[in-house]
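Taking it in order: structure first as structure tokens, then the write-up.
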Amino acid sequence: MFRRAKAHWGRGEAVEAARDLERVLDLDPSNAEAKQLLPYTKKAQKKADAQGKNTFSKMCDAFGKMPERKDPKEEETREPSPPRERSDVVSLSFRMDLKPEQGEVLCVYGSCEALGGWDESKCVEMTLLPQKWEPPVGSGREPPRKYTWEVVVDVKETEELVEYRYLVRDAGGKTLRVEDGGVHKCHVSGMGGTRQRCTDSWRKSGS
1 MFRRAKAHWG RGEAVEAARD LERVLDLDPS NAEAKQLLPY TKKAQKKADA
51 QGKNTFSKMC DAFGKMPERK DPKEEETREP SPPRERSDVV SLSFRMDLKP
101 EQGEVLCVYG SCEALGGWDE SKCVEMTLLP QKWEPPVGSG REPPRKYTWE
151 VVVDVKETEE LVEYRYLVRD AGGKTLRVED GGVHKCHVSG MGGTRQRCTD
201 SWRKSGS
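Right under this line is the structure:
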């Protein structure tokens with residue numbers, strides 16, 4: 001919830017940010033970051049309200065100076081646009097740097113249906129991104145090759161928490177190795193309509 005409040009604040013949405021921060025403090029009154037940010041959102045909200053009133057006053061003055069329409073019935077009535085529905089889909093961008101052996105492909109699978117529901121056979125293959133050009137280092141040698149994999153998967157925010165792992169398969173689809181250690185986690189509750197990047201490292205036992 002605090003992360004969503006910061007996102008609202010970063011987009012200039014002071015009202016939404018203040019509402020989320022107040023809810024955070026209701027749940028956790030000792031949250032220092034929320035206490036620090038809330039006064040700024042309140043101040044920005046008051047400033048926006050004052051600007052809105054000033055703009056509305058000028059608009060009313062301008063309307064008062066407009067000439068009277070001779071035949072209002074001839075004016076075409078425009079249907080109001082329907083409100084945009086808020087998306088409940090979160091786009092998760094999974095990314096990892098891993099050097100493959102010949103014919104190997106990096107995949108991701110996890111707890112939600114879009115990631116196979118922990119079924120390794122339904123894992124999602126990732127794409128090896130092309131190498132970005134970088135200038136040679138001081139000695140004139142080419143910079144080291146980077147092996148960055150990425151894939152974007154859409155999940156419903158109702159999943160709330162997405163847990164996942166990475167595995168490596170060969171060209172025939174056979175699993176060669178799977179991550180050890182704890183699973184990766186990503187919170188998606190309330191994040192509908194956004195894109196979240198999950199940049200990870202290959203986990204080994206104990207990590």
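Note that the UniProt record's numbering gives residue 92 to position 92 of the sequence shown, counting from 1, and the numbers run on in steps of one. C-beta: ideal position from N, C-alpha, C; glycine also. None of these values were measured; they are calculated from a predicted model.
{"Check": "Classify residue 25 as helix, strand or coil using the three-state DSSP reduction.", "Outcome": "helix"}
{"Check": "What three-state label does DSSP hand residue 197 in the structure shown?", "Outcome": "strand"}
{"Check": "Give me the Cα-Cα distance between residue 117 and residue 22, rounded to the nearest whole angstrom.", "Outcome": "35 Å"}
{"Check": "Please check the pair residue 192 and residue 89, which I expect to be a contact at CB under 8 Å, by giving their CB distance rounded to whole angstroms.", "Outcome": "6 Å"}
{"Check": "Where residue 144 and residue 91 are concerned, what is the direct C-alpha to C-alpha distance, given to the nearest angstrom?", "Outcome": "31 Å"}
{"Check": "What does the Cβ neighbour count give for residue 33, buried or exposed, with the cut at 16 atoms within 10 Å?", "Outcome": "exposed"}
{"Check": "Need the endpoints of the beta strand (DSSP E) that residue 107 sits in, please.", "Outcome": "105-110"}
{"Check": "Classify residue 166: buried if its beta carbon has 16 or more other beta carbons within 10 angstroms, exposed otherwise.", "Outcome": "buried"}
{"Check": "Helix, strand or coil: which one does DSSP assign to residue 129?", "Outcome": "coil"}
{"Check": "Looking only at its chain, what residues have a beta carbon closer than 6 Å to the beta carbon of residue 112, apart from the 5 residues adjacent to it on each side?", "Outcome": "155, 159 and 162"}
{"Check": "Can you check whether the CB of residue 133 is closer than 9 Å to the CB of residue 95?", "Outcome": "no"}
{"Check": "If we count the other Cβ atoms within 10 Å of its Cβ and call it buried at 16 or more, is residue 103 buried or exposed?", "Outcome": "exposed"}
{"Check": "Which residues in the same chain as residue 164 place their Cβ atom closer than 6 Å to its Cβ, once the five residues preceding and following it in sequence are excluded?", "Outcome": "108, 110, 115 and 184"}
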